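S.K.:
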Ligand SMILES: Cc1cc2nc3c(=O)[nH]c(=O)nc-3n(C[C@H](O)[C@H](O)[C@H](O)COP(=O)(O)OP(=O)(O)OC[C@H]3O[C@@H](n4cnc5c(N)ncnc54)[C@H](O)[C@@H]3O)c2cc1C
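In our numbering, the protein residues as written are 136 to 602.
In structure tokens, the structure reads:
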């Protein structure tokens, strides 16, 4: 049965899809959002950003209570209650996912539960719990996101050989955990279980951790995690794994020379990235072009090669980040409504939520060198920041890159406490095309962590005060 026309049908209710649907409704478009799972919010709210940060915060409290309180003069006997920690995480997720339902009701977005399949331009068939419906619409927005990638030769059993989703729900703390992949997800989930007592070793195929982020900042993060007990095996990967009893036997391969050895662990976490998700969507069948990595190809208006079909978020090219998906969703529907929606890709921050956190925006030193841009660099250590000292946070630094000729800020890399929050100031400054001097002349409250950002901006012109 074909149903009343919509202006827009969004397929997928992750941060890209639900935000696009709300913005579209705000702009007066009659909007439905199709979601295959019975809960809204997509990867980010259900099995990604939110549950991982809930566990990172809980495990950080646990680690502080065990190792950090004594220095503050607090004596405590600490015991882990993992079921309660997990239940808290589940409640955080439930509160936020039901919040999306509230926002849909408030903005008059119609949620439609079931798997959406594009059966032609302007037609989405939804196979839901109550049978199939066909939604007729002027436009379709694909926001179907991504799924964890797998490694050749390693099959997930979802118990001992796991990807991120199952690493968020382990029933007990593994004694030894091997993590394949030293990107954000591997390091964050590795940190959670290390803080709770697991011996965590990370295998990384590249010669460095957090590939793609500023190299020196990555090295500082590696040193810091090593001090906390995490071990790294660089230029190394896993080429096979089998479960034997309650152990996983992993074949570990050296990149150079190809030597292999076997290692055992209780849990093997494979965190080697994510792949775009278009299975069963019907996009390719109606002629939508995908690239060689399976990503939906779009033009600068987020429109595919098929008129009226658009795509945003993890399913298209670019960093797989929730805020990137959200902003693309807003830009895409604003353009549909005739507004000049725009996303400044060079200003998208990227965060690894370990402790200390690593956050970056814009160019790294390596990017600038590759592009032949001469940069002036200012750094400032948290060791010299009054608030960080009061908190007992001595590690890390703020590093700001500015164009040597124009002083325009090109990038920032912050390793330290709450770097995730601190990076916003530099991202905003970059959006406004600010110079390092603009940042340096802005008044920052004392004593605060953002003063370290200001001091790094001062250091670009070699006039930092407190170092
Ligand atoms: C462990 C982990 C931690 C992460 N942490 C962060 C972080 O801290 N910060 C950050 O920015 N990013 C983080 N990410 C990445 C972030 O979750 C994604 O970038 C983001 O969710 C992408 O949003 P999206 O809307 O494009 O897709 P998704 O969130 O993947 O949502 C897609 C939705 O589409 C639905 N869907 C798919 N196909 C169909 C269909 N045919 N019909 C109906 N519905 C369909 C899916 O069920 C899903 O709900 C993390 C990811 C993981 C796994």
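Backbone N, C-alpha and C define an ideal beta-carbon position, used for all residues, glycine too.
None of the values given here were measured: they were computed from a predicted structure.
Consult DSSP for residue 480 and reduce its assignment to one of helix, strand or coil.
M.R.: Reduced to three states, the DSSP call for residue 480 is helix.
S.K.: Quick check: the Cα distance between residue 536 and residue 526, rounded to an integer number of angstroms?
M.R.: Each residue's Cα considered, the two are about 27 Å apart.
S.K.: Identify the continuous alpha helix (DSSP H) that holds residue 196 and give its terminal residues.
M.R.: Start and end: 184-198.
S.K.: Using a 10 Å radius around the Cβ and a threshold of 16 neighbouring Cβ atoms, would you call residue 455 buried or exposed?
M.R.: buried
S.K.: Pick out the complete beta strand (DSSP E) segments inside the stretch 307-384, 3 residues or longer, and give them in chain order.
M.R.: You should have 311-315, 334-339, 366-369, 371-379.
S.K.: For residue 235, name the three-state secondary structure that DSSP assigns.
M.R.: DSSP, reduced to helix, strand and coil, places residue 235 within a helical segment of the structure shown.
S.K.: I'd like to know whether the C-beta atoms of residue 314 and residue 372 end up nearer to each other than 8 Å.
M.R.: The Cβ atoms of residue 314 and residue 372 lie no closer than 8 Å to each other.
S.K.: Please state the DSSP three-state secondary structure of residue 518.
M.R.: helix
S.K.: Do three or more CB pairs link the stretch 273-292 to the stretch 191-201 at distances below 8 Å?
M.R.: no
S.K.: Measure the C-alpha to C-alpha separation of residue 306 and residue 275 and round it to an integer number of angstroms.
M.R.: 40 Å
S.K.: With a threshold of 8 Å, are at least 3 pairs of Cβ atoms found where one atom belongs to the stretch 333-340 and the other to the stretch 432-447?
M.R.: no
S.K.: Mark residue 436 as exposed unless 16 or more other C-beta atoms lie within 10 angstroms of its C-beta, in which case mark it buried.
M.R.: exposed
S.K.: Measure the C-alpha to C-alpha separation of residue 310 and residue 399 and round it to an integer number of angstroms.
M.R.: 11 Å
S.K.: Taking contact to mean 3 or more Cβ pairs, one atom from each stretch, closer than 8 Å, check whether the stretch 548-563 and the stretch 491-506 are in contact.
M.R.: yes
S.K.: How about residue 278 and residue 149: do their beta carbons lie closer than 8 Å?
M.R.: In contact: residue 278 and residue 149 (Cβ atoms closer than 8 Å).
S.K.: Residue 601 and residue 523 look like a contact to me (Cβ under 8 Å); what is the Cβ gap, rounded to whole Å?
M.R.: At roughly 11 Å, the Cβ-Cβ gap does not stay under 8 Å, so residue 601 and residue 523 are not in contact.
S.K.: DSSP three-state label for residue 282, please.
M.R.: Strand.
S.K.: Roughly how many angstroms lie between the CA atoms of residue 491 and residue 552, to the nearest whole one?
M.R.: When rounded, the distance between both Cα atoms is 5 Å.
S.K.: Would you report the Cα separation of residue 501 and residue 349, rounded to the nearest angstrom?
M.R.: Put simply, the backbone Cα of residue 501 is about 7 Å away from that of residue 349.
S.K.: Quick check: what's the CA-CA separation for residue 329 versus residue 360?
M.R.: 10 Å
S.K.: When the distance is taken between beta carbons, is residue 543 closer than 8 Å to residue 505?
M.R.: Contact: no.
S.K.: Would you give the residue range spanned by the beta strand (DSSP E) that residue 444 belongs to?
M.R.: 444-446
S.K.: Taking the beta carbon of residue 357 as the centre, do at least 16 other beta carbons fall within 10 Å, making it buried, or is it exposed?
M.R.: buried
S.K.: Residues bridged to residue 538 by DSSP?
M.R.: BP columns for residue 538 point to 510.
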